[in-house]
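At position 55 of the sequence shown the residue is numbered 55 (full-length UniProt numbering), and the sequence of numbers has no breaks.
Using N, Cα and C, we set each Cβ at its ideal position, and we do this for glycine too.
Accompanying notes for the structure given below.
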Amino acid sequence: MKQKDSLVLLCVMGIFIFGVFGIRNIQAEENDFPLAPGTYWVYEGLVKWQVESGVKERQMTWKMEVIKKVERGEFTGYLMKGHPIDLVFYEDGRISSDYAIIRNGEKFYETDVETFQRLKDLQDKLENLVSDAELTLDLPLMPGKKFGEAEMLDREDDSYCWMVKEARPFSRQINGVALSDTLTEYLLTFATLPEDVVVHFTPGIGITRFEYVHHGTISEVDVSLIEYHASSSQ
Numbered sequence: 001m002k003q004k005d006s007l008v009l010l011c012v013m014g015i016f017i018f019g020v021f022g023i024r025n026i027q028a029e030e031n032d033f034p035l036a037p038g039t040y041w042v043y044e045g046l047v048k049w050q051v052e053s054g055v056k057e058r059q060m061t062w063k064m065e066v067i068k069k070v071e072r073g074e075f076t077g078y079l080m081k082g083h084p085i086d087l088v089f090y091e092d093g094r095i096s097s098d099y100a101i102i103r104n105g106e107k108f109y110e111t112d113v114e115t116f117q118r119l120k121d122l123q124d125k126l127e128n129l130v131s132d133a134e135l136t137l138d139l140p141l142m143p144g145k146k147f148g149e150a151e152m153l154d155r156e157d158d159s160y161c162w163m164v165k166e167a168r169p170f171s172r173q174i175n176g177v178a179l180s181d182t183l184t185e186y187l188l189t190f191a192t193l194p195e196d197v198v199v200h201f202t203p204g205i206g207i208t209r210f211e212y213v214h215h216g217t218i219s220e221v222d223v224s225l226i227e228y229h230a231s232s233s234q
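Quick look at the structure:
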């Protein structure tokens with residue numbers, strides 16, 4: 001899968017207050033995201049990819065951040081930079097992707113920068129702004145819930161759509177996160193014939209782990225959140 005085509009696999013984030021260690025520490029607020037400009041997340045983990053001479057692997061760090069925000073009617077758009085999905089089919093020299101998240105109610109869509117720009121064009125009636133194929137998060141989360149393209153939701157194998165597999169207490173130590181008994185981590189999967197994606201999402205924090213495996217050409221990603229920084233505008 002090419003990097004550009006992988007954007008449909010996303011999802012993300014949470015909300016916070018000022019805490020210990022001189023940085024903003026989050027306190028869980030269910031069913032919301034910290035998408036204020038300036039918010040960012042740092043991930044670290046193992047990445048494997050295939051080259052002509054074999055398979056390369058490297059411990060890597062990657063940043064995801066919110067750049068800008070625009071509101072227009074029922075939509076809120078966020079201009080983003082970087083996501084763990086950038087590491088899929090990694091190549092030396094790759095840079096962080098530019099993309100957008102569009103919020104409509106409790107639904108979040110991963111799309112391109114051009115869609116974000118449409119929100120700023122007052123002459124644009126915003127018809128067909130987003131599609132179900134771009135839906136990457138539908139709150140609230142609960143085990144067994146599915147979302148994505150309507151025609152895929154009736155598949156008995158739960159493939160080609162997002163599936164909430166599991167909910168469990170969140171207890172990992174992350175720089176910038178104040179642990180709470182109320183934090184719950186959800187495992188979201190997106191499985192297709194050639195690949196599997198697992199997104200660990202914790203309301204009040206965001207993506208806390210991202211896993212990807214391709215079953216043909218070698219590409220594997222397993223990165224976890226190591227730092228969370230809330231925007232000073234929160």
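Exposure of D124, with buried meaning 16 or more beta-carbon neighbours within 10 Å: When all chains shown are included, D124 counts as exposed.
Ordered list of alpha helix (DSSP H) runs contained in the segment 132-169, each at least 4 residues: none
C-alpha distance - Y160 paired with L79, whole-angstrom precision: 26 Å
Same chain, Cβ closer than 6 Å to residue 268, neighbours up to 5 away in sequence not counted: Since the first residue shown for the chain is 1 and the last is 234, residue 268 is missing from the structure and cannot be characterised.
4-residue-minimum alpha helix (DSSP H) runs that sit fully inside the segment 54-104, ordered along the chain: none
L193, buried or exposed, once every other Cβ within 10 Å from all chains shown has been counted against 16: exposed
Residue from M64, K107, G54 and W49 with nearest C-alpha to S231: M64
Distance CB(I218)-CB(W62) smaller than 8 Å: no
Counted within 10 angstroms of its Cβ, other Cβ atoms place H214 as buried (16 or more) or exposed: buried
Whole-angstrom C-beta distance between L188 and I101, which should lie under 8 Å: Actually they are not in contact, since the Cβ atoms of I101 and L188 sit about 15 Å apart, beyond 8 Å.
Residue interval of the alpha helix (DSSP H) (run including E114): Unbroken alpha helix (DSSP H) run through E114: V113 to R118.
Same chain, Cβ closer than 6 Å to E220, five either side skipped, listed in chain order: K48 and V213
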